[in-house]
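Residue numbers (the working numbering): 8 to 76. Shown next, in structure tokens, is the structure this report addresses.
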């Protein structure tokens, strides 16, 4: 019974809280640019993380601390 309550809680969290921005864009916005804002934010976040990670990798390679196993 407890496992069922946990899954119900997770479903409620996603449906009622985390998907609210998607519901707004699906119902109230008709422009292509505004409806894809969340996708652009996720892509931008991914690129920022990629460039940060690559910078850290180059820093460790310059210092000679990289794992060469």
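All C-beta atoms in this analysis are idealised placements derived from N, C-alpha and C, irrespective of residue type, glycine included. Here the structure is a predicted model, which means the values were calculated and not measured.
Pairing residue 42 with residue 31 gives a Cβ-Cβ distance that is not under 7 Å. Residue 11: member of the alpha helix (DSSP H) spanning 9-20, first to last residue.
For residue 58, the uninterrupted alpha helix (DSSP H) run begins and ends at 44-70, by DSSP.
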